[in-house]
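Numbering (UniProt numbering), first residue to last: 1 to 399.
Glycine included, each C-beta is placed from N, C-alpha and C at the ideal position.
Please read all numbers here as calculations on a predicted model, not as lab measurements.
Below: the structure, in structure tokens.
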């Protein structure tokens, strides 16, 4: 049983500050704990003054208590939100065209075809902004044609009015699509992924170095029974590089170390030909240091690489393959909730790190805060095990 755990959390690509990620985690954990008849105490701890490396980190300290057991967990949130917000803070046109450049890069390098081989469903997320933009351009073209047909102005003047009307319509549709579908956030995601693979943004490399140093600093002084590197979505790409660098620099290894990726987008970047450093980091983790790794994938989530393997899908055949656990979101939430979110793939993608509404075989928060070693989940594929209280009659965990 785990009495003390140290967790490094790498959030996914969302344009919101690290404090918002921490607040969301705390709220979701508080909603989840009663499902297992446990009591949770959780609060932020300011560690920024402890070392220069801790500048880009926030800490939550949690204590989960059940019948006859108690587990303390320190959660170190590894911040890269300012980098994401820097992309979001650019002009709309720059966000649009840099995103298109990113999408084009992943196409001409053949990475998109590797997506099709590894997890064909991810093609939906790749095509999503292109389809939206095509619809926007078509809407602008239709309005332009209507103006040409209906405007009383003859010759060049009428054509100019039609072009301006079409452009204005396309711009209005883009702004609307961004509010409803977050299309510019998706373009930022592709732009940043391109910069990440090609090492075009020095701030990303510096942040990964800072996270690696923070890991070494925290692990050197911990008495935790278990150390977990947990990452969601594109955060997995940063987590893998940071851990790989920390291991190569002599990360203390006398305590059990485990990697947990959920809804991972590691393949998005690691399959790019220029992302050799990421593939070497995966090899460092899986082969050189044999760190156990669990990858949780959601069946209905098109933004993770369903049926991929973090090592084998990159051609790494040596070492023990990471354990892959597949889950169904409709078994984690109520029927009403699933009906509401099932067509919103951004919301579905976040569900894997949000509170569950039913006592389930999977819970992000019970994995990180509960009493069982994380490695058990890789073997048994459920968190609903002793010493957690047995479920009430008719409330068995859902796989």
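Residue i - containing beta strand (DSSP E), residue span
i           : result
residue 213 : Segment 202-220 is the alpha helix (DSSP H) holding residue 213; no beta strand (DSSP E) there.
residue 262 : 257-262
For residue i: DSSP bridge partner residues
i           : result
residue 6   : 74 and 227
residue 66  : 69
residue 57  : 78
residue 232 : 262
Unbroken alpha helix (DSSP H) run spanning residue i, endpoints
i           : result
residue 39  : It is not in any alpha helix (DSSP H) - residue 39 instead sits in the beta strand (DSSP E) that spans 39-45.
residue 195 : 183-198
residue 244 : 235-248
residue 274 : It is not in any alpha helix (DSSP H) - residue 274 carries neither H nor E in the DSSP assignment.
Coarse secondary structure for residue i, derived from DSSP in three states
i           : result
residue 48  : With a pLDDT of 47 at residue 48, under the threshold of 50, the modelled position of this residue cannot be trusted; read the value that follows with caution. Three-state result, residue 48: coil.
residue 291 : coil
residue 109 : coil
residue 21  : helix
residue 296 : strand
residue 252 : coil
residue 34  : helix
residue 267 : helix
residue 85  : helix
residue 12  : coil
residue 282 : helix
residue 382 : coil
residue 98  : helix
residue 388 : coil
residue 92  : helix
Candidates the options: closest to residue i by CA position
i           : options               : result
residue 305 : 101, 125 and 69       : 125
residue 5   : 130, 60, 29 and 74    : 74
residue 343 : 202, 300, 160 and 388 : 300
residue 353 : 154, 322 and 230      : 230
residue 327 : 27, 340, 319 and 356  : 356
residue 203 : 80, 345 and 59        : 80
residue 375 : 360, 17, 325 and 39   : 325
Any C-beta of chain B under 7 Å from that of residue i
i           : result
residue 152 : Of the chains in the structure shown, none is chain B; there is only one protein chain.
Taking only runs of the beta strand (DSSP E) that begin and end inside the stretch 302-376, which ones reach a length of at least 3 residues, in chain order?
-> 323-327
Going along the chain, which unbroken runs of the alpha helix (DSSP H) with 4 or more residues stay wholly within the stretch 111-164?
-> The stretch 111-164 contains, as complete alpha helix (DSSP H) runs of 4+ residues, the segments 111-118 and 122-150 (chain order).
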